[in-house]
Amino acid sequence: MKNKEENDALSDKIPTFAPRISKKHMEKSFKELLKVSFKSEDTEEWLDVHFTRPIGLVFALFWNKLGVHPNVITVLSIFLGAVGGWMFHYTDLYHNIWGVVLLMLANFCDSTDGQMARLTGKKTLLGRVLDGFASDVWFFCIYVGLVFRLWDQTIPGLDVQWGVWGFVLCYTAGFLSHAPQAALADYYRQIHLFFLLGEEGSELNSYRQQRDIYESLPRKAWFARAYYYNYANYCRGQERRTPKFQLFFAKWQQQPDEAVRQELLAGSRPLMKFTNLLTHNLRAYTLFVTALLGCPWVYLLVEVIVMNLMYIYMHRTHETLCARLTERLVE
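Written out as structure tokens, the structure is:
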């Protein structure tokens, strides 16, 4: 799908200069720049549109003036998020407030690097790796911190310490709930962007394509090989969980139908709010509130129960939609 672009990215070294926002963009008003920096209006959450993205754009314009590369901002977000996540292992309000502040700053920086990349039109392999790595680091530190926080605390309603049960709850929330929720939400967002904006407007990649790139690379390109090996497996996990979409997509590529494309977008559009809820904002703000109130175990239960119910609904609805549209294509 993007073999040329993917292979071009392999030649990108760690940049020594920052790609600048073009003069054409810089002549636009702040509101116009903000709109250009969105992925699409369909896939942007209300809180991001009115809070995170405007602040991210202010940061982007500031870093652009200083000539700072987006990848440097991503690295900064990793450190801010990691330290912020660890702050939640403390039980006092002071450290928890610092955790909130640092994670919000990390999120602004994460928004900034994506907006700068879209405004400059410059994307690198290193940037893609760092962007995917950033939130993983934040939440790994959060879950580890919560294990330590809960360990000696008593389970509400019982005269028993959390101990290993705290670890089990964090593992279930993080690895068995958060990871698949975020992966499928990202996949559905990329599907929507593909059918809305076309191939250039999305990152809807397949396991086979990414695996072919991995196998074509020389062994000395170890960094790129490691990225494409892991990314191919990530894509395979998404594809295995969406068999009805895979069947629909294969048939639609053989016989594209504009009416069917519009019908998929109409059915997919209401699900975009779930893709946003299952990626960052709901998760982060639930953590903030429950940690400040001294009951972070509630956040973990929201992950396991409430967000998994959203995940199941989103998945079933999208697969049902794809099955119905496949029937339309074979009529």
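Sequential numbering from 247 applies to the sequence shown in my numbering.
Glycine included, each C-beta is placed from N, C-alpha and C at the ideal position.
Rounded separation between residue i and residue j - CA only
i    : j    : result
F308 : I324 : 19 angstroms
G403 : A306 : 48 angstroms
F491 : W411 : 37 angstroms
C416 : L567 : 33 angstroms
E573 : H315 : 48 angstroms
L351 : G327 : 8 angstroms
G444 : E565 : 21 angstroms
M560 : F276 : 34 angstroms
V548 : F385 : 15 angstroms
Y545 : R515 : 27 angstroms
L555 : N522 : 15 angstroms
I459 : P542 : 42 angstroms
V329 : L349 : 8 angstroms
M553 : G540 : 21 angstroms
E287 : V318 : 27 angstroms
W468 : G420 : 29 angstroms
G331 : L396 : 15 angstroms
Q508 : T289 : 16 angstroms
L303 : N353 : 12 angstroms
T298 : F441 : 26 angstroms
V383 : Y389 : 10 angstroms
A428 : C387 : 17 angstroms
A635 : L510 : The chain is shown only over 247 to 577; residue 635 falls outside these bounds and no answer can be derived.
Q500 : E446 : 19 angstroms
T536 : A530 : 10 angstroms
Buried or exposed by the 16-neighbour rule on C-beta atoms within 10 Å, applied to residue i
i    : result
A512 : exposed
F494 : buried
Y433 : buried
E291 : buried
T400 : exposed
G313 : exposed
N479 : exposed
A502 : The question names Ala, but residue 502 in the sequence shown is Pro. Looking at its Cβ environment, which holds fewer than 16 other Cβ atoms inside 10 Å, P502 is exposed.
Q456 : buried
W408 : buried
Y473 : buried
H296 : exposed
A496 : exposed
L439 : buried
N253 : Because N253 sits at a pLDDT of 43, beneath the cut-off of 50, its placement in the model cannot be relied upon, and the following sentence gives the value as read from the coordinates. Exposed, because fewer than 16 other Cβ atoms sit within 10 Å of the Cβ of N253.
L571 : buried
L339 : exposed
7 angstroms CB neighbourhood of residue i in its chain, flanking five on each side removed
i    : result
F534 : V346
E293 : The amino acid at residue 293 is misidentified as Glu; the sequence shows Leu. N527.
Q436 : S448, E449 and L450
F413 : V393
L517 : Y434, M560, T563 and H564
Y453 : A478, C481, R482 and E485
Y475 : Y460
W498 : V506 and L575
M333 : H341, N342, W344, G345 and L348
D398 : Q407
G391 : G331, W332, F334 and H335
Where residue i sits in the DSSP three-state scheme
i    : result
T400 : strand
Q492 : helix
Q484 : helix
Q501 : coil
V550 : helix
N249 : Below a pLDDT of 50, predicted positions are generally treated as unreliable, and N249, at 45, falls in that range; no measurement from the model is reported.
Same chain only: Cβ atoms within 6 angstroms of residue i, ignoring 5 sequence neighbours per side
i    : result
L538 : N342
T418 : V550
T532 : Y545 and V548
L322 : C355
K259 : Because the pLDDT of K259 is 41, which lies under 50, any placement of that residue in the model is unreliable, and the number read from its coordinates should be weighed accordingly. Counting only Cβ-Cβ distances below 6 angstroms, and skipping sequence neighbours, we find nothing.
E504 : none
Neighbourhood of residue i by C-beta, 8 angstroms cutoff - its chain only, sequence neighbours within 5 removed
i    : result
T320 : C355, D356, D359, G373, L376, D377 and A380
F394 : H335
L430 : Q484, R487, T488, L524, Y557, M560 and H561
V406 : T400
K519 : E291
Exercise. Is the region 454-468 touching the region 417-429, taking contact as three or more C-beta pairs under 8 angstroms?
Worked result: no
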